[in-house]
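Trainee:
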Amino acid sequence: MPTDRFADEVWSRSALLSRADELPSAFDDLFSAGAVDELITRRGVRSPFIRMARDGSVLAVSAYTAPGGFGAEVGDQVSSERVFERFADGATIVLQGLHRLWPPLIDFTRELVDELGHPAQVNAYVTPPSAQGFDPHYDTHDVFVLQIAGEKHWRIHAPVHVDPLASQPWGDHREAVAEAALAEPIIDAVLRPGDALYLPRGWIHSATAGGEATSVHLTIGMSAYTHADVVSALVARVGDSERLRAALPLGVDFDDPAQFAGILRETAAALDELVGRADAADTAAVLARRFDRDTRPEPVAPLATLAALADLDGSSTIRWRGSLRARIEAADGRVRIVTRTKTLSLPVEAEAAIRRLAEGRGVVIGKLPGLDQASAVVVARRLVREGIAVTPA
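Be aware that the sequence shown starts at 1, since it is given in the UniProt record's numbering, and climbs by one per residue.
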C-alpha cells in the first residue's frame, strides 16, 4: 500500500495484514534466526534487553541469566544454557531494544522514525513450535509485526478501549479484553516469512507459533504522539496565566458539586484564554524537545572520525549527520546551529555552506558555497569535531 494511502486510511484507524507478495521486499536483511543465536551467545546481552515468558507469564530474570564470570562481574548477563533450557520447555524469548543493539535495525529504525515522525523501538519474539508467549492483550503503542522465520497464528480483535494512552494499560480492562478475545476475530491468519501486520494501539491480539519450526518475528513499536500530548504541552504553561495562578476562594467545599461547578467554569474560561494566546512555535518546541529525548541521531564512530579528521582536506566529502535535528539561525554576524545538546556558533560567512549540508547530501569540502577552500576546511573540521557533520564510510 502506498505511504499516502496508509497514512490516510489505516494509520491509527484499523489493523492491516500484508502478505509477502504485496510488499517490495522481505525482511531477511534486518534479522534472522542466526541473529538470535548470536545475540544470546556472543553479545553479552543483559536484562532488560532480554526477557522470557511462558503461558502468559513473564519468567523471573534469574531463570535465564547468570553472572558473567571473570572480567564481566555482572549478575544479570544472559546465560545461553538457561535460555536453552527455558526455550526447550516452551518459553518465548523476547529480545528488547534491538534498535540499540543490532546494526541493521539501528539504521532501519532511525530511517523509519525520520519518515513517520514518531519514536520507535524494536523487539524480537522467538517462540518454539505450538507455544504461546502472552495471553490476549493490547499495547499502548502502535505496532508493525514483521515475520522473519517460521509461522505464527495471529488472532486480532477490535479494541475495548480505543487509543489507550501509556497510562492506560490493558490490565485496567482485563475482563473486557478476555471477553472480547472469545468473539470472532477481525483477523485470523497465519503469518509466514515476509508477511507483515499493522495494529493500532488498543487492538487486542494474541499469537501462537505454528508448524514444526521456531517462529521469529520483529515487533516495531511506534510511540505515537497524541492530541493529549499537545494538551500536556499547553498545561505545562499554566503558570503563564494570572487567572490560573489565582487561589480558589476561602471556604471552598469540594463536596459541594454546585459550588465547584462555578469554579470549573471559571477555570475552563481561563484555559480557553490561555489556549487562545498560545504560540504554536513555543508549544511545538515542547514536543520537539521530547522527540529529541526519545530518539537518537546517527551514531558517531569515535576512532574512525578522529582518524578522518587528521586527513580532512578540500577533496574530502562530508555530510550532515543523519537524523540530527537542529535549527540554523543567523544574527549579529554569526550563524548558529542549535541542537538538543549544544549550540555551535560560526562566522555568518559559513551560513550558505551549513544550509547546503543540512539538505543531507554529501558535499566535497572544497565546493562548499560561500567559502574559499582554506576556510571550508576549517569549517568542515569544526562541524565534524562537534558531531554536526560526518565523513561517509
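We put the CB at the ideal spot given by N, CA and C, even for glycine. Quick caveat, the model's predicted, so the values are computed rather than measured.
Considering Cα atoms alone, identify which of Arg290, Asp253, Gly239, Ile388 is closest to Leu274.
Mentor: Mapped onto the sequence shown, residue 274 falls at position 274. For Leu274, the nearest C-alpha among the options comes from Gly239.
Trainee: Kindly give me the distance between the Cβ atoms of Leu191 and Trp154, rounded to whole angstroms, as I take these residues to be in contact under 8 Å.
Mentor: Counting from 1 along the sequence shown, the entry for residue 191 is found at position 191. Counting from 1 along the sequence shown, the entry for residue 154 is found at position 154. Right, the Cβ-Cβ distance comes to about 6 Å (below 8 Å), so this counts as a contact.
Trainee: Along the chain, where does the beta strand (DSSP E) that runs through Val10 open and close?
Mentor: Mapped onto the sequence shown, residue 10 falls at position 10. Note, Val10: premise wrong, no beta strand (DSSP E); not H, not E.
Trainee: Taking the continuous beta strand (DSSP E) assigned at Ala224, which residues delimit it?
Mentor: Mapped onto the sequence shown, residue 224 falls at position 224. From DSSP, Ala224 is part of no beta strand (DSSP E); its letter is neither H nor E.
Trainee: Less than 8 Å between the CB atoms is what I'm expecting for Leu218 and Val122, so what's the real figure, rounded?
Mentor: The residue you call residue 218 lines up with position 218 of the sequence shown. The residue you call residue 122 lines up with position 122 of the sequence shown. Rounded, the Cβ-Cβ distance is 6 Å, consistent with contact.
Trainee: When you compare only the Cα positions, how much space is there between Arg336 and Leu98?
Mentor: Residue mapping note: residue 336 aligns to position 336 of the sequence shown, counting from 1. Residue mapping note: residue 98 aligns to position 98 of the sequence shown, counting from 1. Near 34 Å, if we compare the C-alpha coordinates of Leu98 and Arg336.
Trainee: Tell me, which residues are paired with Gln96 by DSSP?
Mentor: Against the sequence shown, residue 96 aligns to sequence position 96. According to DSSP, Gln96 bridges with nothing at all.
Trainee: Report the option in Arg54, Phe27, Ser62, Asp163 whose CA atom is closest to the CA atom of Ala15.
Mentor: For this step, residue 15 is matched to residue 15 along the sequence shown. For Ala15, the nearest C-alpha among the options comes from Asp163.
Trainee: Classify Gln168 as helix, strand or coil using the three-state DSSP reduction.
Mentor: In the sequence shown, counting from the first residue as 1, residue 168 sits at position 168. It is coil, neither helix nor strand.
Trainee: Helix, strand or coil for Ser316? Go by DSSP, reduced to three states.
Mentor: Locating residue 316 in the sequence shown gives position 316, counting from the first residue. Ser316 falls in the coil class under three-state DSSP.
Trainee: Candidates Val36, Ala331, Thr341, Pro185: which alpha carbon is nearest Gly387's?
Mentor: If you number the sequence shown from 1, residue 387 lands on position 387. That would be Thr341, whose Cα lies nearest to the Cα of Gly387.
Trainee: Thr317 and Gly370 look like a contact to me (Cβ under 8 Å); what is the Cβ gap, rounded to whole Å?
Mentor: For this step, residue 317 is matched to residue 317 along the sequence shown. For this step, residue 370 is matched to residue 370 along the sequence shown. Not really, about 18 Å apart at Cβ, beyond 8 Å.
Trainee: Apply the 10 Å Cβ neighbour rule to Pro128 and answer buried if 16 or more other Cβ atoms are within range, or exposed otherwise.
Mentor: Here residue 128 corresponds to residue number 128 of the sequence shown, with the count starting at 1. When all chains shown are included, Pro128 counts as buried.
Trainee: Pull up the DSSP beta-bridge partners for Glu329, would you.
Mentor: Sequence index remark: in the sequence shown, residue 329 carries index 329 (1-based). DSSP, once it has assigned bridges, lists Arg336 as partnering Glu329.
Trainee: Suppose you measure from the CA of Trp102 to the CA of Ala269; what does that come to, to the nearest Å?
Mentor: For the purposes of this step, residue 102 is identified with residue 102 of the sequence shown, where counting begins at 1. For the purposes of this step, residue 269 is identified with residue 269 of the sequence shown, where counting begins at 1. Spanning the two alpha carbons is a distance of roughly 51 Å.
Trainee: Would the beta-carbon of Val230 fall within 8 Å of that of Val126?
Mentor: As a first step, residue 230 must be located in the sequence shown, where it is residue number 230. As a first step, residue 126 must be located in the sequence shown, where it is residue number 126. In this structure, Val126 does not lie closer than 8 Å to Val230 by Cβ.
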